[in-house]
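S.K.:
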Amino acid sequence: MTGRFILYHNGFYSLPNEVACCSRLTGDSLKLLGLIMNRVNTAHSQVPTKVAMSRLLLKRLFGNKDDKTVKNYAERLKQYGFIEAFSMQRGDSGEFVFSIADRPENNPFVLLSYIENEVIANTELQVGQEADSLLVAFTAAVQAVEHVMLLG
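28 is the number of the first residue of the sequence shown in our numbering; add one for each residue after it.
1. Taking only three categories from DSSP, how would you classify residue 136?
2. Please report how far the alpha carbon of residue 129 lies from the alpha carbon of residue 109, in whole angstroms.
3. Can at least three beta-carbon pairs, one atom from the stretch 164-171 and one from the stretch 100-119, be found at a separation below 8 Å?
4. In whole angstroms, give me the CA-to-CA distance for residue 143 and residue 171.
5. Under three-state DSSP, which class holds residue 122?
6. For a minimum of 4 consecutive residues, which ranges assigned as the alpha helix (DSSP H) are wholly contained in the stretch 79-132?
7. Going by beta carbon distance, what residues of the same chain come within less than 8 Å of residue 137, once the five residues before and after it are set aside?
8. So which of 43, 160, 134 has the shortest CA-CA distance to residue 173?
9. Taking residue 124 as the reference, which of 159, 59, 42, 43 has the closest Cα?
10. Drop a sphere of 10 angstroms on the beta-carbon of residue 118, count the other beta-carbons inside from all chains shown, and report buried for 16 or more, exposed for fewer.
11. Excluding sequence positions up to five away, which residues of its chain have a Cβ less than 7 Å from the Cβ of residue 146?
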């Protein structure tokens with residue numbers, strides 16, 4: 028099981044810590060990514076880059092939300108490059124189909140979030156004006172990198 032996600036824990040899915048701590052993913056978008064990657068890891072009969080999940084199941088898992096809500100969560104994952112594409116198939120009782128490019132821990136936003144957390148932790152160890160100016164400079168650099176990554 029080396030290099031795989033933790034699959035089940037009391038009905039919830041969990042991702043590696045570095046992915047779960049990514050500041051760009053929150054709440055239900057993160058939960059949807061966990062569900063998708065759990066299927067990637069356990070569904071050997073499916074194409075490894077495509078995952079199909081029941082629309083009814085997803086709506087129930089997210090508190091009986093409608094398809095639009097699940098699509099919004101998927102759109103956020105697509106915007107940040109965690110999935111390549113998604114679609115709905117076969118009407119109301121059909122499936123959401125997600126295309127995966129790479130494992131989420133290889134996503135540049137995960138690395139960026141990890142670096143941010145490290146810099147913030149190191150900055151908190153310093154005192155005075157130096158720490159504040161370092162944090163301001165770092166924030167500006169992160170915003171520039173994010174802008175380039177979202178355009179790219």
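Every residue gets a Cβ at the ideal spot worked out from N, C-alpha and C, and that includes glycine. Note that the structure is a prediction, hence the values are computed from the model and not measured.
M.R.: Answer, in terms of the structure:
1. helix
2. 8 Å
3. no
4. 13 Å
5. strand
6. 82-88, 94-106
7. 45, 46, 49, 131
8. 134
9. 59
10. exposed
11. 165
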